[in-house]
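Undergrad:
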Amino acid sequence: IAAFIHDLERLAGLLDGGVSEAVYAEVVGHGEVWSARLMAAVLNQLGMEAAWLDARAFLRAERAAQPQVDEGLSYPLLQQLMAQHPNKRL
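Written out as structure tokens, the structure reads:
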């Protein structure tokens, strides 16, 4: 809950400065972050070891309306993160 409240406070601060394209993307992207956190929490509650990964830590994509993920850059970053959680669902 503390992380969720922290996110809300941070997003509220961003919105106080007006809604630019970057701020809009940040706010919309938090739905994905919160969904990943929630899924990991549910799996852990069910006794399945899980951790959530923030896709922003490993996905690299072009800046475009319909961006293409750069698999060559993204996959090695994902492998590094997966190695940190060898026995967990991600």
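Residue numbers -16 to 73, in the working numbering, belong to the letters of the sequence shown in order. Every residue gets a Cβ at the ideal spot worked out from N, C-alpha and C, and that includes glycine. All values derive from a computational prediction rather than experimental measurement.
Over the uninterrupted alpha helix (DSSP H) stretch that includes Ala48, give me the two end residues.
TA: Taken as a continuous stretch (DSSP letters only), Ala48 belongs to no alpha helix (DSSP H), as it is neither H nor E.
Undergrad: For Arg72, which residues does DSSP report across the bridge?
TA: Its beta-bridge partners are Ala33.
Undergrad: With a 10 Å radius around its C-beta and 16 neighbouring C-beta atoms as the bar for buried, classify Ala(-5) as buried or exposed.
TA: By the 10 Å Cβ count, Ala(-5) comes out exposed.
Undergrad: List in chain order: all unbroken alpha helix (DSSP H) runs of 4+ residues lying wholly within the region -10 to 40.
TA: Taking only runs of at least 4 residues, the alpha helix (DSSP H) segments lying wholly in the region -10 to 40 are 4 to 28.
Undergrad: Is the region 60 to 68 close to the region 33 to 52, with three or more CB pairs under 8 Å?
TA: Yes, since at least three Cβ pairs between the region 60 to 68 and the region 33 to 52 fall closer than 8 Å, the two stretches touch.
Undergrad: Tell me which same chain residues have a C-beta within less than 7 Å of the C-beta of Ser57, skipping the five on either side of it?
TA: Around Ser57: Phe41, Leu42 and Arg43.
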